[in-house]
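Peer 1: Below: one structure in structure tokens.
Numbering (the working numbering), first residue to last: 434 to 1004.
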């Protein structure tokens, strides 16, 4: 397969991960044939404009020189292992001094946003790619993202996304209207399609035609009604663009972000252009490898909870399919921060090996990998596989809510995104879920699912204890991560009980008070037991009982605040 690419996506604004997947030799050993890095656009000086963007002796120039040397080193190391090299770029991101000089010719005078249709915008990006291709000739291509633009790691640059802003869709409004049988108002218009076509056509001409490099355009977003997962929108953008052997589109295998209980992306396999499929191996919404979560069986052969359990085995039959774009590490923000990469490595390695020889099947590749790289004998390898398959079921039941998610038709963000990165939301984040469960009389079903998740984790713990590991390090890694999963989802289980009974109390069911009291006590105990893991040096960093907010933004109350509320009210 031409493209078996991998990227370590460091958290924006944080210290880079320490990862074996940064080592090109490790990637080659695991079966990847390409490595993806970020931000090469920030090495451009734009000297041909005559503007001194990075003045000699300035802090900007010191940063640029260090940054450029780092890019040269990573390119050389990847090429030494005969890997193709791609750079993942955010557009539009330009040096601050350059933007200030050309502000009147590239920016909206009111908002200050760099606009696609301003007279100098594309000209400056033509200069950008001219310089990058001349300065870094060993780079094979560029992966362009337009859905998000982060400047945390580029202190002397500024910018924004290249397309008109999309507004009007919000997860909570989406839920409300879905429950009522309506549809969220689509923010993607013909204007967006035309602008996107203009952008891709420009990039095709500059990157593929003029410089002979690969262009991979990411159809990135997480809404159910924009470009990424709506075939009509995808075709409206891509059909007017002439195919080119070095132009590809990159599409997530899921219709939204990397969540369970969302349908397979219907844009895969349609249109005129080659495609690569994106797969996240360190699932940002499912622990990031802090606890067991083997998802390659579902990715390759289809997740059983989907109405149509379609996986890569079926998707890759399309003649348009040209490979995968894997994120072995990274995605999202914050933690959990890992002490080892066992679960990320397992997902990424099985994926790459399967891509090289899909006829062998996922199970055979899994067993071969754990015997070869983890030193398990065949009987223990079979037990470990059972543990891994159970982990996917335990995470699904513990993190999601089938009683609520089934009404969404696999088309809207599941379970209100109440749990993400290393943050746990509470009753505020779960309000639409709790309201639906309460009004429909489905609390018993939802709580039974959380109890079942913990029972599966207990089974996983027993399985883990039955396996003979060849070394103490491997044994500790597995046992610690299993214990992490069991304790975390026990805390979650009791938290859901508190929120369910609290909702009933808030709605006038006073008889629930004794049950709520017991749930609060159990939740406090489970939380304390989980927090003891902080003393284990082999353990990943822990989840926090507050909800997600971007760096620099105020804290958002989560499950801890919910527990405190009901504890105070009860007292």
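Glycine included, C-beta positions come from ideal geometry on N, C-alpha and C.
In this text the structure is predicted, and so the values were computed from the model without any measurement.
1. Is the beta carbon of residue 575 sitting closer than 8 Å to the one on residue 653?
2. Please state the DSSP three-state secondary structure of residue 856.
3. Who are the Cβ neighbours of residue 830 in its own chain at under 6 Å, not counting the five residues just before and after it?
4. Please report the residue range of the alpha helix (DSSP H) in which residue 536 lies.
5. With a Cβ-Cβ cutoff of 8 Å, do residue 848 and residue 838 count as a contact?
6. Mind checking whether residue 728 and residue 797 have CB atoms under 8 Å apart?
7. If you run the structure through DSSP and keep just helix, strand and coil, what is residue 528?
8. Give me, in chain order, the residues of the same chain whose beta-carbon lies closer than 6 Å to that of residue 928; leave out the 5 immediate sequence neighbours on both sides.
9. Start and end of the alpha helix (DSSP H) containing residue 945?
10. Check for me: the beta strand (DSSP E) holding residue 760 runs from which residue to which?
11. Is the beta carbon of residue 633 closer than 8 Å to that of residue 683?
12. Between the Cα of residue 564 and those of 642, 548, 479 and 490, spot the shortest distance and give me the residue it belongs to.
13. Suppose the cutoff is 7 Å on Cβ atoms and the five residues either side in sequence are ignored; what does the same chain contact list for residue 441 look like?
14. According to DSSP, is residue 602 helix, strand or coil?
15. Over the uninterrupted beta strand (DSSP E) stretch that includes residue 683, give me the two end residues.
16. With H, G and I counted as helix, E and B as strand and the rest as coil, what does DSSP make of residue 521?
17. Are the beta-carbon atoms belonging to residue 725 and residue 776 less than 8 Å from one another?
18. Roughly how far, in whole angstroms, is the beta-carbon of residue 668 from the beta-carbon of residue 704, given that I think they are within contact range, below 8 Å?
19. With a 10 Å radius around its C-beta and 16 neighbouring C-beta atoms as the bar for buried, classify residue 464 as buried or exposed.
20. Taking buried to mean at least 16 other C-beta atoms within 10 Å of its own C-beta, is residue 700 buried or exposed?
21. Taking Cβ positions, are residue 844 and residue 656 nearer each other than 8 Å?
22. How many Å lie between residue 694 and residue 737 at the Cα?
23. Are the Cβ atoms of residue 949 and residue 917 separated by less than 8 Å?
24. Just to confirm, is the Cβ distance from residue 770 to residue 853 under 8 Å?
25. Can you check whether the CB of residue 522 is closer than 8 Å to the CB of residue 757?
26. Does DSSP put residue 767 in a helix, a strand or coil?
27. Closer than 6 Å by C-beta to residue 785: which residues in its own chain qualify, once you throw out the five before and the five after it? Chain order, please.
28. Do residue 539 and residue 554 have their CB atoms nearer than 8 Å?
29. Is residue 833 helix, strand or coil when you go by DSSP?
30. Using the C-alpha atoms, what's the distance from residue 459 back to residue 629?
31. Could you spell out where the alpha helix (DSSP H) holding residue 928 opens and where it closes?
32. Express the C-alpha separation of residue 910 and residue 467 in angstroms, rounding to a whole number.
33. First and last residue of the alpha helix (DSSP H) that includes residue 560?
34. Leaving out five residues before and five after residue 817 in sequence, what residues of the same chain have Cβ atoms less than 7 Å from its Cβ?
35. Which of the three DSSP states, helix, strand or coil, is assigned to residue 468?
36. How many angstroms separate the CA atom of residue 767 from the CA atom of residue 446?
Peer 2: From the atom records:
1. Along the chain shown, one-based indexing puts residue 575 at 142. Along the chain shown, one-based indexing puts residue 653 at 220. In this structure, residue 575 keeps its C-beta atom at 8 Å or more from the C-beta atom of residue 653.
2. As a working mapping, residue 856 is identified with position 423 in the chain shown. In the three-state reduction of the DSSP assignment, residue 856 falls in the strand class.
3. Along the chain shown, read from residue 1 onward, the residue named residue 830 stands at position 397. Around residue 830, the same chain offers 882, 885 and 886 as residues with beta carbons nearer than 6 Å, after the five sequence neighbours per side are excluded.
4. As a working note, residue 536 is residue 103 in the chain shown. Element bounds for residue 536: 536 to 539.
5. As a first step, residue 848 is located in the chain shown; it is residue number 415 there, counting from the start. As a first step, residue 838 is located in the chain shown; it is residue number 405 there, counting from the start. Yes, the pair counts as a contact, with Cβ atoms nearer than the cut-off.
6. Stepping through the chain shown from its first residue, residue 728 is reached at position 295. Stepping through the chain shown from its first residue, residue 797 is reached at position 364. No, the Cβ-Cβ distance between residue 728 and residue 797 is not below 8 Å.
7. Position 95 of the chain shown, counted from the start, is the residue given in the question as residue 528. Of the three classes helix, strand and coil, the one that applies to residue 528 here is strand, per DSSP.
8. Sequence index remark: in the chain shown, residue 928 carries index 495 (1-based). If we look at residue 928 and ignore the five residues flanking it on each side, its Cβ neighbours are 956 and 992.
9. Along the chain shown, one-based indexing puts residue 945 at 512. Run containing residue 945: none; DSSP gives neither H nor E here.
10. Taking the first residue of the chain shown as position 1, residue 760 is located at position 327. Annotation for residue 760: the continuous beta strand (DSSP E) segment containing it runs 754 to 763.
11. In the chain shown, residue 683 corresponds to position 250, counting from 1. In the chain shown, residue 633 corresponds to position 200, counting from 1. Against a cut-off of 8 Å, the Cβ pair of residue 633 and residue 683 comes out as no contact.
12. For the purposes of this step, residue 564 is identified with residue 131 of the chain shown, where counting begins at 1. The residue with the shortest Cα to Cα distance from residue 564 is 479.
13. Indexing the chain shown from 1 puts residue 441 at position 8. The residues are 450, 452, 454, 455, 761, 762 and 763.
14. The sequence position of residue 602 within the chain shown is 169, counting from 1. Reliability fails at residue 602, whose pLDDT of 49 lies under 50, so the model's placement of it is uncertain and the value that follows must be treated cautiously. Coil at residue 602, not helix or strand.
15. If you number the chain shown from 1, residue 683 lands on position 250. Counting along the chain, the beta strand (DSSP E) containing residue 683 begins and ends at 680 to 685.
16. Walking along the chain shown from the start, residue 521 turns up at place 88. Note: residue 521 maps to strand in three-state DSSP.
17. Against the chain shown, residue 725 aligns to sequence position 292. Against the chain shown, residue 776 aligns to sequence position 343. Yes. Within cutoff.
18. Along the chain shown, one-based indexing puts residue 668 at 235. Along the chain shown, one-based indexing puts residue 704 at 271. With 8 Å as the limit, residue 668 and residue 704 qualify as a contact, their Cβ atoms being about 6 Å apart.
19. Here residue 464 refers to the residue found at position 31 when the chain shown is read from its first residue. Burial check for residue 464: the Cβ neighbour count within 10 Å reaches 16 or more, so the residue is buried.
20. Sequence index remark: in the chain shown, residue 700 carries index 267 (1-based). Taking a 10 Å sphere around the C-beta of residue 700, we find 16 or more other C-beta atoms and assign the residue as buried.
21. By 1-based counting over the chain shown, the position of residue 844 is 411. By 1-based counting over the chain shown, the position of residue 656 is 223. Not a contact, by the Cβ cut-off of 8 Å.
22. Here residue 694 corresponds to residue number 261 of the chain shown, with the count starting at 1. Here residue 737 corresponds to residue number 304 of the chain shown, with the count starting at 1. Each residue's alpha carbon lies about 10 Å from the other.
23. Along the chain shown, one-based indexing puts residue 949 at 516. Along the chain shown, one-based indexing puts residue 917 at 484. Not a contact, by the Cβ cut-off of 8 Å.
24. Here residue 770 corresponds to residue number 337 of the chain shown, with the count starting at 1. Here residue 853 corresponds to residue number 420 of the chain shown, with the count starting at 1. No.
25. As a first step, residue 757 is located in the chain shown; it is residue number 324 there, counting from the start. As a first step, residue 522 is located in the chain shown; it is residue number 89 there, counting from the start. No, the pair does not count as a contact, with Cβ atoms beyond the cut-off.
26. Counted from its first residue, the chain shown places residue 767 at position 334. Note: residue 767 maps to coil in three-state DSSP.
27. Taking the first residue of the chain shown as position 1, residue 785 is located at position 352. These residues qualify, in order along the chain: 437, 463, 464 and 465.
28. Your numbering for residue 539 matches position 106 in the chain shown. Your numbering for residue 554 matches position 121 in the chain shown. In contact: residue 539 and residue 554 (Cβ atoms closer than 8 Å).
29. Your numbering for residue 833 matches position 400 in the chain shown. Residue state, collapsed to three classes: coil.
30. Here residue 629 refers to the residue found at position 196 of the chain shown. Here residue 459 refers to the residue found at position 26 of the chain shown. Between residue 629 and residue 459, the C-alpha separation is close to 36 Å.
31. Numbered from its first residue, the chain shown carries residue 928 at position 495. Counting along the chain, the alpha helix (DSSP H) containing residue 928 begins and ends at 905 to 939.
32. What you label residue 467 is simply residue 34 of the chain shown in a count that begins at 1. What you label residue 910 is simply residue 477 of the chain shown in a count that begins at 1. Straight through space, the alpha carbons of residue 910 and residue 467 are spaced by roughly 29 Å.
33. Locating residue 560 in the chain shown gives position 127, where the first residue counts as 1. DSSP places residue 560 inside the alpha helix (DSSP H), whose first and last residues are 554 to 568.
34. On the chain shown, position 384 is the one that residue 817 refers to. Beyond the five residues adjoining it in sequence on each side, residue 817 comes within less than 7 Å, by CB distance, of 803, 809 and 900 in the same chain, given in chain order.
35. As a working note, residue 468 is residue 35 in the chain shown. Residue 468: strand per DSSP, three-state reduction.
36. Here residue 767 is taken as the residue at index 334 of the chain shown, counted from 1. Here residue 446 is taken as the residue at index 13 of the chain shown, counted from 1. Near 10 Å, if we compare the C-alpha coordinates of residue 446 and residue 767.
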